[in-house]
Amino acid sequence: MSSVKTFFSRYWGIIGILVLWQAWVSISGLNAIVLPSPLSVVSDLAANPGIYASSAGKTFLVAVLGLTFGLLAGIVLALAAWTSRLLNGLLTPLGLIFSSIPVVALIPILARLLGYDIRTEIAIVAIAAFFPTFVFVGAGLQSLPAGSDDLFKVLGSSPWQRFLRLVMPAAVPNMMVALRLTAPEAVLAAILAELLMGTSGLGYMFREAAGRFAMERAFGTSIIATITAVIVFGLVMAAERRVDAHWK
Amino acid sequence: MTEAAIRLDRVSKSFALDNGKQLTALSEIDLTIGKGEFVALLGPSGCGKSTILRLAAALETPSTGRVSIEGREPQSLSKAHRLGVAFQDHALLPWLDIFANVALPFQVAGRKVDPSRVNELIALVGLEGFEKARSRQLSGGMRQRASIARALALQPNVLLLDEPFGALDAVTRRQMNLELQRIWSAQQITTLLVTHSVDEALFLADRVIVMSGRPGRIIRDIKIPFARPRLPSVMREPGFHALVDELTMALEPELAAP
Amino acid sequence: MILRSEAMHRLVLGAVGVGLFLFIWQLVGTYRLAGMTWPPLSDVLIFISDPARQTLFVRAMGASFTSVAIGYVLGIFCGVAVAMLGQVLPVARPGLDRLVAVIHAVPLVALAPIFMVLANRDLTPPAISALGVFYMIYVATTSGLKAATHSHRDVFSALGANAATRFFRLELPAALPALVSGMKLAIPVAFIGAIVGEWFGASRGLGLLMVSAMQNFQIPLLWSAVLIVTTASLALFGLMSLVERLIYGRFR
Chain A
1 MSSVKTFFSR YWGIIGILVL WQAWVSISGL NAIVLPSPLS VVSDLAANPG
51 IYASSAGKTF LVAVLGLTFG LLAGIVLALA AWTSRLLNGL LTPLGLIFSS
101 IPVVALIPIL ARLLGYDIRT EIAIVAIAAF FPTFVFVGAG LQSLPAGSDD
151 LFKVLGSSPW QRFLRLVMPA AVPNMMVALR LTAPEAVLAA ILAELLMGTS
201 GLGYMFREAA GRFAMERAFG TSIIATITAV IVFGLVMAAE RRVDAHWK
Chain B
1001 MTEAAIRLDR VSKSFALDNG KQLTALSEID LTIGKGEFVA LLGPSGCGKS
1051 TILRLAAALE TPSTGRVSIE GREPQSLSKA HRLGVAFQDH ALLPWLDIFA
1101 NVALPFQVAG RKVDPSRVNE LIALVGLEGF EKARSRQLSG GMRQRASIAR
1151 ALALQPNVLL LDEPFGALDA VTRRQMNLEL QRIWSAQQIT TLLVTHSVDE
1201 ALFLADRVIV MSGRPGRIIR DIKIPFARPR LPSVMREPGF HALVDELTMA
1251 LEPELAAP
Chain C
2001 MILRSEAMHR LVLGAVGVGL FLFIWQLVGT YRLAGMTWPP LSDVLIFISD
2051 PARQTLFVRA MGASFTSVAI GYVLGIFCGV AVAMLGQVLP VARPGLDRLV
2101 AVIHAVPLVA LAPIFMVLAN RDLTPPAISA LGVFYMIYVA TTSGLKAATH
2151 SHRDVFSALG ANAATRFFRL ELPAALPALV SGMKLAIPVA FIGAIVGEWF
2201 GASRGLGLLM VSAMQNFQIP LLWSAVLIVT TASLALFGLM SLVERLIYGR
2251 FR
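Chains as they are written, first to last, in our numbering: chain A, 1 to 248; chain B, 1001 to 1258; chain C, 2001 to 2252.
The following block contains the structure:
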């Protein structure tokens, strides 16, 4: 009995919204074009699993690839900046600026610059992930205790050993946090890119459904988009846990 | 019979641990502190002395038995703003200056701040000139003085001090002991001081209560014979040294074994 | 305020870095190194300042910035209010946390259909903006309200403070640094919400300009709109950073 209570105490908000939604639709008798009922959305989902799954899969792919590229690029550049004070001083303020502007504003420019195709979408996600990673990992590298590099040199370790034993354990947990911070943005960026210029994926599916007023489809897309985002986030959290266990 | 200032009647206190077990912090404590008495609670870490203080400060309630301050529940004194407390962590508010910090009890009690009283207290604890300073600009000793001034703001019935000088270095601590004695002499409020420093307890208190730990029990209750006001020189008297030895043995009975 | 040579050094390098970026932009644009779709910075600036375009930009800025402003203020208000609600009714807290987390998990874009159907299209930008800001402020405020330490709470308890006194004199001031940090980070979020909202069919605004310029190959217009949005977001972010510095100095 207490587990039911716990469930309810945690999820009353969500349940409440679903109930209100269904009630509103039933009571006001709104046309499905205006607001579909939760049941009709669910039935559209159930009736077309293939379409939803392939769109979600494609968006997922774009998000994950873009995240990977952006993360790697951010890490490499952060490491490069760490080794050179000059590079660091030049690049870090730029990185800070670019990671605090609304990246979605750059989507139309990038679309025009690189052309309307899937590689652009991946590039957009990569750029969205790149800047926060660069700033964050850079900050993590900076916070290495000051004397530690010297200590390792004195102990006679080679640059590669220094890298493995000093830099990596400091940088890797930070990379994971950067991943956690950028992952939600990545999914959003992928969907938005598809929305604006894509020919496949959840963003495109949404635009297409909204265009012909198939609101069940539009809502269904939203739900699948949310689930995709949650899955990506879950994977990221799992990766973070594995890495933390190994590197901390 | 004069009303006892602080009284613990067969008090026990247990805490429920995360793993479901019970931790008995205090077991059958009987303690009476008279009005105007300065009592030191001495004991090793974990012996429950802070718990006694927290019970008196209405921050905990006893599992069994009764705690009363001047015959009333600590809660009622706390709500009537008649308690003064100072902890090891000075807990000054970082966004207020020293004057505002010392004046805080007035505002908490919903009373108009009495600037002359606040200034008087700041002078009493030796922080004159620092009214507009922030706590982070002061040293550890100065922060504790401010904390004590705050505790005295509303002329409380009872002053409760939980290792107020525990975080200070030995030299500052000695100085603060002298200061506290001086400050206390001005008003002679009933005071309960928790400490694990034998010197401190002997120098400041009228009575020293020694506790043993797990579960907390009172094992000695010693009246301190030295006359007031006490000068630093009292710490060099043979009587003082003898008491130090006696108390140290009481705290660590293993040392007494032949 | 004396800047140490280290800080001075970093400031100069940073300025040089930004300058270098602008210079490269101009270079790439002038020599068309990235094709016709990357104009020189000078072209973009000339385009924006062209008096014939004033009404266009002013109207678009007016619409977008109004959305951002409404979304920002509304989001902060609701975020603080709901966080305080969780503080006052601890029993409601787990449900509130989950509800807010679920709302946040829904990518902003997925919320658009709800707004499209429930409200007129021009309400979508401030609404999505407000939602994004709401989440950030809710998290920042709930975290900030826990900032008051145990010792502080004990002192307030022993002094006989009631819940309201403790809230206004301890928990709220202690929460201020976290809240202000949240407010700073919420600025780009507010802008993103407004822009994305406009993409779903608002009748005017910089986001709308961006999309139509993109689709119609109006390159200078596209870059102009993006530059205006980015600069506005950065300027406000910088402002809030200063405020954050001030608050941290005073409240920590």
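Yeah, the Cβ is synthetic: ideal placement off N, Cα and C, and Gly gets one too.
Identify the residues that DSSP records as bridge partners of residue i: which are they?
i: ASP1009 of chain B; result: B:ARG1066
i: VAL2102 of chain C; result: DSSP, once it has assigned bridges, lists no residue as partnering VAL2102 of chain C.
i: PHE130 of chain A; result: PHE130 of chain A pairs with nothing; no bridge assigned.
i: MET1211 of chain B; result: B:ILE1218
i: SER966 of chain B; result: Only positions 1001 to 1258 of chain B appear in the structure, and residue 966 of chain B is not among them; the question remains open.
i: THR1191 of chain B; result: B:PHE1038, B:LEU1159
i: THR1248 of chain B; result: Per DSSP, none; premise fails for THR1248 of chain B.
Output yes if chain B places a C-beta closer than 8 Å to the C-beta of residue i; else output no.
i: LEU2145 of chain C; result: no
i: VAL2243 of chain C; result: no
i: PHE2251 of chain C; result: yes
i: PRO2173 of chain C; result: yes
i: GLY2017 of chain C; result: no
i: ASP2154 of chain C; result: yes
i: LEU2179 of chain C; result: no
i: THR2165 of chain C; result: yes
Under 8 Å between C-beta atoms, does residue i make it to chain C?
i: SER158 of chain A; result: no
i: MET215 of chain A; result: yes
i: GLN1188 of chain B; result: no
i: TRP12 of chain A; result: yes
i: PHE134 of chain A; result: no
i: VAL1039 of chain B; result: no
i: PHE219 of chain A; result: yes
i: MET1001 of chain B; result: Any reading at MET1001 of chain B must be qualified, since the residue scores a pLDDT of 43, below 50, and its modelled position is unreliable; no value is offered.
So residue i packs on residue j, CB below 8 Å; how close in whole Å?
i: GLY1048 of chain B; j: ALA1025 of chain B; result: 4 Å
i: PRO2094 of chain C; j: SER28 of chain A; result: Contact doesn't hold; Cβ gap of about 32 Å is too wide.
i: LEU1204 of chain B; j: ALA1040 of chain B; result: 6 Å
i: ILE1098 of chain B; j: ALA1146 of chain B; result: 5 Å
i: PHE219 of chain A; j: PRO102 of chain A; result: At roughly 26 Å, the Cβ-Cβ gap does not stay under 8 Å, so PHE219 of chain A and PRO102 of chain A are not in contact.
i: GLN1037 of chain B; j: THR1190 of chain B; result: Strictly speaking, residue 1037 of chain B in this sequence is Glu, with Gln absent from that position. So it is a contact: roughly 6 Å between Cβ atoms.
i: VAL1118 of chain B; j: ALA1133 of chain B; result: Wrong, their Cβ atoms sit about 14 Å apart, outside the cutoff.
i: HIS1081 of chain B; j: LEU2159 of chain C; result: 6 Å
i: SER1063 of chain B; j: LYS1013 of chain B; result: 5 Å
i: LEU1077 of chain B; j: LEU1083 of chain B; result: 5 Å
i: VAL1208 of chain B; j: LEU1161 of chain B; result: Wrong, their Cβ atoms sit about 14 Å apart, outside the cutoff.
Cβ of residue i less than 8 Å from any chain D Cβ?
i: PHE2065 of chain C; result: Although the question refers to chain D, the structure presented lacks it and instead comprises the protein chains A, B and C.
Suppose the cutoff is 6 Å on Cβ atoms and the five residues either side in sequence are ignored; what does the same chain contact list for residue i look like?
i: ALA129 of chain A; result: LEU67, GLY70, LEU71, THR182, ALA186
i: VAL1244 of chain B; result: VAL1198
i: ALA2083 of chain C; result: TYR2138, THR2141, THR2142
i: SER2064 of chain C; result: ALA2194, GLY2205, LEU2206
i: PRO2030 of chain C; result: Here residue 2030 of chain C is Thr; the residue named in the question, Pro, does not match the sequence. Taken in chain order, the residues that qualify are PRO2040.
Identify, in the order they occur along the chain, each residue of the same chain with its Cβ nearer than 7 Å to the Cβ of residue i, setting aside the five sequence neighbours on each side.
i: PRO1044 of chain B; result: HIS1196, GLY1213, LEU1251
i: ARG207 of chain A; result: LEU195
i: THR2124 of chain C; result: ALA2112, PHE2115, MET2116, GLY2197, PHE2200, ALA2202
i: SER2143 of chain C; result: ALA2178
i: ALA2147 of chain C; result: ALA2174, ALA2175, ALA2178
i: LEU65 of chain A; result: ILE122
i: ILE2076 of chain C; result: VAL2133, ILE2137, MET2183
State yes or no: is the beta carbon of residue i nearer than 8 Å to at least one beta carbon in chain A?
i: ILE2024 of chain C; result: no
i: ALA2083 of chain C; result: no
i: VAL2028 of chain C; result: no
i: ARG2204 of chain C; result: no
i: ALA2034 of chain C; result: yes
i: PHE2021 of chain C; result: yes
i: THR2230 of chain C; result: yes
i: ARG2121 of chain C; result: no
i: VAL2196 of chain C; result: yes
i: THR2037 of chain C; result: yes
In chain order, what residues of the same chain have a beta carbon less than 8 Å from the beta carbon of residue i, not counting five sequence neighbours either side?
i: ILE2128 of chain C; result: GLY2071, LEU2108, LEU2111, ALA2112, PHE2115, GLY2193, ALA2194, VAL2196, GLY2197
i: MET1142 of chain B; result: LEU1127, PHE1130
At which residue ranges does the region 2011–2064 of chain C contain complete alpha helix (DSSP H) runs of 4 or more residues, listed in the order of the chain? The qualifying runs are 2041–2049.
What are the uninterrupted segments assigned as alpha helix (DSSP H) that are 4 or more residues long and contained completely in the region 2148–2229 of chain C, given in chain order? 2150–2158, 2163–2166, 2172–2199, 2206–2215
Alpha helix (DSSP H) runs contained entirely in the region 41–99 of chain A, provided each spans 4 or more residues: Unbroken alpha helix (DSSP H) stretches of 4 residues or longer found wholly inside the region 41–99 of chain A: 49–83, 85–99, given in chain order.
Output the residue ranges of the alpha helix (DSSP H) runs that lie fully inside the region 1056–1105 of chain B and measure 4 residues or longer, sorted by chain position. The region 1056–1105 of chain B contains these whole alpha helix (DSSP H) runs: 1074–1079.
Those runs of the beta strand (DSSP E) which lie wholly inside the region 1148–1183 of chain B and span at least 3 residues: Counting only runs of 3 or more, we get 1158–1162.
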